[in-house]
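Note that full-length UniProt numbering has the sequence shown beginning at 1, numbered continuously upward.
Data first, discussion second: the structure below is written as structure tokens.
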Amino acid sequence: MKAGGAIELGESKSTSSTPKIGGVNRGASILDFILRIIAFLGTLVSAIAMGTTRERLPFFTQFLQFRAEYDDLPTFTFFVVANSVVCAYLVFSLALSIFHIVRSNAKRSRIILIFFDTAMLALLTAGASAAAAIVYLAHKGNAKANWFAICQQFNSFCERISGSLIGSFVGVVVFILLILLSAAALSRR
């Protein structure tokens, strides 16, 4: 009994579980930060690998050459731009991710992140999927449309453009995980 006749009651169940939920949300926020760094690195490496891809092949003489560069195809240019935009967004979103580590119960900023993460997922998926279609044509060709497979001649070019897709699709998977993680953190409230 407290002074003044008030009876002191034990802790309610809702307050005893609050630290546990806060700890789970803090862990989710740290995982969010780590996943954003992984997605940043994947999109950065993809943009750099595709943006620096070029190969020249001599044809009879050194003066007559065939060349293959990423900017010969608008799809690859879109791929580089999409990965660069997503990479820049990830750098800026790291600040909100750090904010969520400090204040694990922030709700509005998580909703904003889910919105922008979804938009970036769409952009990254569009760029990676379009580039994957062109990479497939470069490797296999299409006899019905008279598109020849160029990878037998431009081997180094094809290896680099194929490799640059890996980082971008890693970014797509990470964005899906980020959206699910943010949604789970919001649903715990």
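Even glycine gets a Cβ: it sits at the ideal position worked out from N, Cα and C.
On a predicted model such as this, the values are computed, not experimentally measured, just so you know.
Along the alpha helix (DSSP H) that carries residue i, what are the first and last residues, could you check?
i	result
residue 191	As shown, the chain starts at 1 and ends at 189. That puts residue 191 outside it, with no answer to give.
Measuring CA to CA, which of the options is closest to residue i?
i	options	result
residue 153	81, 77 and 139	139
residue 31	151, 97, 117 and 111	97
residue 149	133, 186 and 109	133
residue 165	70, 37, 26 and 25	70
residue 190	167, 145, 186 and 185	No statement about residue 190 is possible, as the shown extent of the chain runs from 1 to 189 and does not include it.
residue 43	147, 91, 105 and 181	91
residue 114	185, 144 and 145	185
residue 99	73, 159 and 28	28
residue 94	50, 107 and 37	37
residue 117	45, 46, 187 and 172	172
residue 81	49, 107 and 102	49
residue 47	182, 131, 156 and 112	131
residue 73	183, 157 and 187	157
residue 182	107, 144, 135 and 89	107
residue 135	159, 145 and 146	159
residue 77	187, 51 and 142	51
Roughly how far, in whole angstroms, is the beta-carbon of residue i from the beta-carbon of residue j, given that I think they are within contact range, below 8 Å?
i	j	result
residue 169	residue 128	6 Å
residue 40	residue 87	6 Å
residue 25	residue 109	Incorrect: roughly 13 Å between the Cβ atoms, too far for contact.
residue 120	residue 175	6 Å
residue 123	residue 85	6 Å
residue 53	residue 161	6 Å
residue 177	residue 35	6 Å
May I ask you to report which of helix, strand or coil DSSP gives residue i?
i	result
residue 47	helix
Run through the segment 90-132 for me and flag every whole beta strand (DSSP E) of 3 or more residues, listed as ranges in chain order.
-> The DSSP assignment places no complete run of the beta strand (DSSP E) inside the segment 90-132 (cut-off: 3 residues).
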